[in-house]
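In the numbering used here, the protein residues as written are 371 to 499. Below is one structure; the comments refer to it alone.
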Amino acid sequence: MSSPIERIKLSKKAKDQLMKLKRVTKIDQWNILCRWAFCLSLAEKSNPASYPIPADSNVEMSWHTFGGDMGDILLLALKYRCYQDRLGTDEETLNQQFRLHLHRGISYLAVNSDLQKLQNLLEMSKSAN
């Protein structure tokens with residue numbers, strides 16, 4: 371499935387938050403943390419606040435890098451969430467909502483003082499392999 375979201379460039383604030391998360395979780399890849407953050411935000415019942423998010427960091431990735439093998443599923447989840455929220459599923463709306471959900475999710479992970487849950491998730495993924 372072709373994604374209307376081609377490139378993802380994070381804000382400086384999100385980059386700093388991801389750097390903290392990388393230190394705490396020992397997860398070296400931005401895209402894995404970003405996937406978790408995105409899913410965390412999608413699971414939240416409220417809509418993310420709409421505000422301009424600057425693309426002022428040097429962290430950039432393609433949709434394929436972000437989504438990996440789950441790219442189609444993540445795109446469908448975004449479209450479904452936009453549908454539930456009575457938003458359009460046009461390219462502009464999907465891009466905007468994706469950025470809002472991604473940045474909100476990164477903030478949620480970064481301010482979580484109890485990252486033990488994240489550590490537990492890591493342990494479960496290690497034991498599944």
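C-beta atoms are modelled at their ideal positions from N, C-alpha and C, and glycine is treated no differently.
* If we ignore side chains and look at the alpha-carbon of each, how far apart do ASN459 and LYS392 end up? -> Translated into the one-based positions of the sequence shown, residue 459 becomes position 89. Translated into the one-based positions of the sequence shown, residue 392 becomes position 22. The sequence shown places Thr at residue 459, rather than the Asn named in the question. Their Cα atoms are separated by approximately 32 Å.
* Classification of LEU388 by the beta-carbon crowding that lies within 10 angstroms, buried from 16 upward -> Within the sequence shown, residue 388 is the residue found at index 18, counting from 1. When all chains shown are included, LEU388 counts as buried.
* Touching or not, the segment 439–459 and the segment 392–403, by the rule of three or more beta carbon pairs under 8 Å? -> no
* **DSSP-derived helix/strand/coil call for SER432** => The residue you call residue 432 lines up with position 62 of the sequence shown. Three-state DSSP puts SER432 in a strand.
* With a CB to CB cut of under 7 Å and the five nearest residues on each side skipped, what residues in its chain are close to ARG474? -> Here residue 474 corresponds to residue number 104 of the sequence shown, with the count starting at 1. If we look at ARG474 and ignore the five residues flanking it on each side, its Cβ neighbours are SER411 and PRO418.
* Take the Cβ of ALA480 as the centre, count every other Cβ of all protein chains shown within 10 Å, and call the residue buried at 16 or more, exposed below. => Position 110 of the sequence shown, counting from 1, holds the residue named residue 480. Classification for ALA480: buried.
* Which value, in whole angstroms, describes the spacing of the CA atoms of LEU444 and ILE397? -> Numbered from its first residue, the sequence shown carries residue 444 at position 74. Numbered from its first residue, the sequence shown carries residue 397 at position 27. Cα-Cα distance, rounded: 20 Å.
* **Within 8 Å, strictly: CB atoms of LEU470 and SER420** => Numbered from 1 along the sequence shown, position 100 holds the residue referred to as residue 470. Numbered from 1 along the sequence shown, position 50 holds the residue referred to as residue 420. Yes, the pair counts as a contact, with Cβ atoms nearer than the cut-off.
* Asked: Taking buried to mean at least 16 other C-beta atoms within 10 Å of its own C-beta, is SER373 buried or exposed?
  -> For the purposes of this step, residue 373 is identified with residue 3 of the sequence shown, where counting begins at 1. Label assigned to SER373: buried.
* Asked: In chain order, what residues of the same chain have a beta carbon less than 6 Å from the beta carbon of PHE408, not counting five sequence neighbours either side?
  -> Residue numbering aside, residue 408 sits at position 38 when the sequence shown is read from its first letter. Same-chain partners within the cutoff: HIS471, LEU472 and GLY475.
* To do: Could you tell me whether the Cβ atoms of LYS390 and ASP426 are closer together than 8 Å?
  => Position 20 of the sequence shown, counted from the start, is the residue given in the question as residue 390. Position 56 of the sequence shown, counted from the start, is the residue given in the question as residue 426. In terms of Cβ geometry, LYS390 and ASP426 do not form a close pair [threshold 8 Å].
* Helix or strand or just coil, what does DSSP make of ARG456? -> As a working note, residue 456 is residue 86 in the sequence shown. Coil.
* Those residues which DSSP pairs with ILE378 across a bridge -> Along the sequence shown, read from residue 1 onward, the residue named residue 378 stands at position 8. Per DSSP, MET431.
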